[in-house]
Amino acid sequence: MSEVRLRFAPSPTGHLHVGGARTALFNWLYARKMGGKFILRIEDTDLQRSTKESEKAIIESLRWCGIDWDEGPDVGGSYGPYRQSERVLKGIYDHYARILIEKQMAYYTVYDKTDRKKPILNTYEYPEEYAQQGYDITVSFKVPEGITRFYDLLKGDMEFQNSTIEDFVMIKSDGFPTYNYAVVIDDYLMRITHVFRGEDHLSNTPKQIMVYNALGWNTPQFMHIPLILGFDRTPLSKRHGATSVEHFRGIGILSRGLMNYLALLGWSVGEEEIFNLREKLGNFEPGGISNKGVVFDPEKLEWVNGKHMRMMEIDELWKEFVGWVQFTGKKMPECDEGYAVKVIGVCREKVNTLSQLYDLSYPFFFDDYVFEDKFVSEYLNAPYAGEVLKKAIEFFTQLSDWSIEGTEKVCRAIADMKIASKNKVFQLLRGSVTGKLVTPGLFETLSILGKDRVVRRLERSIASMGC
Ligand code: GLU
1272 MSEVRLRFAP SPTGHLHVGG ARTALFNWLY ARKMGGKFIL RIEDTDLQRS TKESEKAIIE
1332 SLRWCGIDWD EGPDVGGSYG PYRQSERVLK GIYDHYARIL IEKQMAYYTV YDKTDRKKPI
1392 LNTYEYPEEY AQQGYDITVS FKVPEGITRF YDLLKGDMEF QNSTIEDFVM IKSDGFPTYN
1452 YAVVIDDYLM RITHVFRGED HLSNTPKQIM VYNALGWNTP QFMHIPLILG FDRTPLSKRH
1512 GATSVEHFRG IGILSRGLMN YLALLGWSVG EEEIFNLREK LGNFEPGGIS NKGVVFDPEK
1572 LEWVNGKHMR MMEIDELWKE FVGWVQFTGK KMPECDEGYA VKVIGVCREK VNTLSQLYDL
1632 SYPFFFDDYV FEDKFVSEYL NAPYAGEVLK KAIEFFTQLS DWSIEGTEKV CRAIADMKIA
1692 SKNKVFQLLR GSVTGKLVTP GLFETLSILG KDRVVRRLER SIASMGC
């Protein structure tokens, strides 16, 4: 069998939507499984809606997802994407349009100068005089009579009556091709063997098949994937909340967590829910994707992500954490890696995202944490607080064994003095050294923070009592 070649062809009109990322992922997975090629093509022929910023954002998101491509113009040692706007300049789309016009399978249309939507002439001859006088001229595909059929890997045999499809514009008056035309020319010239894309393109496919047929070209294998839905089972959109890959990156979802979750949407990998996608490449079977709409559940995504955070090597998680802190522009912890790894190790047990990890670990890394209101009102300003904190400073100053057992002994000794209940004492200590009432285990927290930080913080707590 010849090499499989797949592509992802985003229009740069916004951020990379999680649905787009899933489409890219399924194409990429199949290319990788089959040892074939994966191509990125930017479909930027809609000049009004396409922007360079969007292209940059989409490429950045794909890179972050770990979806890499194998071909493209050389941009200093790596591959850039193919861009349809650059291919327009090479005359590629005009060339095939002329062939279709010669075969009388496409024609020129001239439009009225005042009512620019009103056609005044259809012709197979290039309308030179009109062109010179500045009339808008397009090229349209002439839909033949008959029935257009194709086979879809998920939907099976598809059949469309051509009589329900109108002639459609191939080249707009600005000289740029339309999607339904350009996509065929490019998929053919790029020798694409499989086109996996969203179900929203199903109704475009007969138009594309007609262009293939008119040019005498074989069609690729099509698969139209059900769209990702929101909770109300309408296609996932901004109405349901944030949908961009960049957003989920921003709130601290790991690339591997997002890819794992997106793979689960429609593809049952087996019994397991949590996996490293690269290890599951071999299991990917396009025809095995579910033909039902799947609902995007941000909570499940976080759950999957949390599993990955706890499963991965801690130093790897630390690297991810540092990368994410840089990405968000937050304040970077300055400490040695040994300390950082200890902190991350205890904190990751309680969180599902890097952002939650940042918040929970903040008091381990920085002194300028703030006291939660509830801690201040219920514990720090309680009548017993001063006495407990004074004892704590005394005991912790003398403590030499800063193991978990060592700090536990001190905490219990203070509780045994019965100045307040054990729970109150522990919460007061916890809040004093972290500002929070929910943290990793108290004894572990104290053990990691160590003597200097603990004593300094207890003193600061006393100083801020009653404030
Ligand atoms: N540019 C189209 C889109 O973003 C590509 C569809 C296709 O894969 O053919 O929806």
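Counting in this note's numbering, the sequence shown runs from 1272 upward without gaps. Yeah, the Cβ is synthetic: ideal placement off N, Cα and C, and Gly gets one too.
Distances from the CA of W1488 to each of R1510, E1470, V1466 and R1462 were compared; the closest alpha carbon is that of R1462. Close CB contacts of Y1655 within its chain, under the 6 Å cut and outside five residues either way in sequence, are with I1690 and A1691 (chain order). Close CB contacts of F1642 within its chain, under the 7 Å cut and outside five residues either way in sequence, are with L1651, G1702 and G1706 (chain order).
Residue state for V1641 is assigned as coil, using DSSP reduced to three classes. Judged by DSSP in its simplified three-state form, H1286 adopts coil rather than helix or strand.
N1489 sits in coil when the DSSP states are folded into three classes, being neither helix nor strand.
Membership of M1582 in the alpha helix (DSSP H) is indicated by the continuous run P1569 to M1582.
In the assembly as shown, Y1378 is a buried residue. Its beta-carbon has 16 or more other beta-carbons within 10 Å.
Taken through DSSP and simplified to helix, strand or coil, P1398 comes out as coil.
In the structure shown, L1500 adopts extended strand secondary structure according to DSSP, grouped into three states. In this structure, DSSP gives P1506 an extended state, which the three-state scheme calls strand. The Cβ neighbour count for P1448, taken over all protein chains shown within 10 Å, is at least 16; the residue is labelled buried.
Taking C-beta atoms as the reference points, M1494 and T1419 fail to come closer than 8 Å.
The beta carbon of Y1450 sits closer than 7 Å to at least one heavy atom of ligand 1. If you check the C-beta of A1292 against ligand 1, you find no heavy atom less than 7 Å away. When the Cα atoms are used, V1596 and K1602 turn out to be separated by approximately 7 Å. Taking 7 Å as the cut-off, one finds no heavy atom of ligand 1 near enough to the beta carbon of S1273. Counting of Cβ neighbours within 10 angstroms places F1297 among the buried residues, the total reaching 16 or more.
Spanning the alpha carbons of L1660 and R1293 requires a straight line of approximately 54 Å. Taking a cut-off of 8 Å for Cβ pairs, the stretch 1450 to 1462 and the stretch 1507 to 1520 do not touch, as fewer than three such pairs fall below it. At the C-beta level, G1657 and H1579 stay beyond 8 Å of one another. Taking 8 Å as the upper bound for CB-CB distance, G1541 and N1554 are in contact here, some 6 Å apart. F1592 is positioned such that its CB atom lies closer than 8 Å to that of L1628.
If you check the C-beta of A1328 against ligand 1, you find no heavy atom less than 7 Å away.
In this structure, T1394 sits away from I1442, with a CB-CB distance that is not shorter than 8 Å. When only Cα atoms are considered, Y1364 and E1620 end up about 56 Å apart. Rounded to whole angstroms, I1370 and V1359 show a C-alpha spacing of 16 Å. Between V1612 and the set R1276, S1735 and L1720, the nearest pair of CA atoms involves L1720.
When DSSP states are grouped into helix, strand and coil, I1329 belongs to the helix group. Shown here, Q1319 sits in coil according to DSSP, grouped into three states, outside any helix or strand.
M1376 has its alpha-carbon roughly 7 Å from the corresponding atom of A1485. The closest heavy atom of ligand 1 lies 7 Å or more from the beta carbon of V1455. Taking N1576 as the centre and dropping the five residues before and after it, the same chain places the C-beta of I1524, L1525, G1528, N1623 and T1624 closer than 7 Å to its C-beta, in chain order. Scanning its chain for C-beta atoms nearer than 7 Å, with the 5 sequence neighbours on each side dropped, one finds around L1300 the residues L1552 and F1555, in chain order. If the five residues before and after T1380 are omitted, its C-beta is found closer than 6 Å to the C-beta atoms of P1390, N1393, T1409 and S1411, all from its own chain and listed in chain order.
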